[in-house]
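Enquirer:
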Amino acid sequence: MKPTTFLLPLLPLTLAKSTIFNMAAEDKTCTPSFDYCADELIKSKGFSKSDLKNALKDSDVKEEDLSKILFHCKNPGDVGHPKVCQGGCKKGEEEEESHSC
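Read left to right, the sequence shown gives residues -16 to -1, 1 to 85 (mature numbering (1 follows the signal peptide of the UniProt record, and there is no 0)).
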């Protein structure tokens, strides 16, 4: 049996896994240089609580309640530079506007 004959049936499975992985990676989105409340990132930007907790793991605010955290979008789908909003995080008035404390 030729190697190509053996590998050819595996091609659709390999492509499907690759597509699913890329779709999952592309689901997270944010506008670079904008700030976002954690709940907004979870609700409409494709982030999970686990994603945001991971973004906090090397910060001095890793024990804070996510509802009080304002994240800065560094690159599309990549947040960091967390800031604690003692009075809570506030969403901007426009749909795509930076949030604040």
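Where is the CB? At the ideal position from N, CA and C, for every residue including glycine. Here the structure is a predicted model, which is why all the values come from computation and not from measurement.
1) Please list, in chain order, all residues of the same chain as residue 13 whose beta carbon is under 7 Å from its beta carbon, the five residues on each side excluded.
2) Per DSSP, residue 68 forms a beta bridge with which residues?
3) Does the beta-carbon of residue 65 have 16 or more other beta-carbons within 10 angstroms, so that it is buried, or is it exposed?
4) In the DSSP output, which residue or residues are listed as bridge partners for residue 29?
5) Quick check on the burial criterion: 16 or more other C-beta atoms within 10 angstroms. Buried or exposed for residue 63?
6) What is the rounded straight-line gap between the Cα of residue 23 and the Cα of residue 82?
7) Please classify residue 23: does DSSP put it in a helix, a strand, or coil?
8) Where does residue 17 sit, in a helix, a strand or coil, going by DSSP?
9) So, are the CB atoms of residue 52 and residue 72 less than 9 Å apart?
10) Who are the near neighbours of residue 79 in its chain, counting only those whose CB is closer than 6 Å to its CB and skipping five residues on each side?
Expert: By the coordinates alone:
1) 29, 30, 60 and 61
2) Bridge partners of residue 68: 53.
3) exposed
4) Answer is none; residue 29 lacks a bridge partner.
5) buried
6) One alpha carbon belongs to residue 23, the other to residue 82, and they sit about 14 Å apart.
7) helix
8) coil
9) yes
10) none
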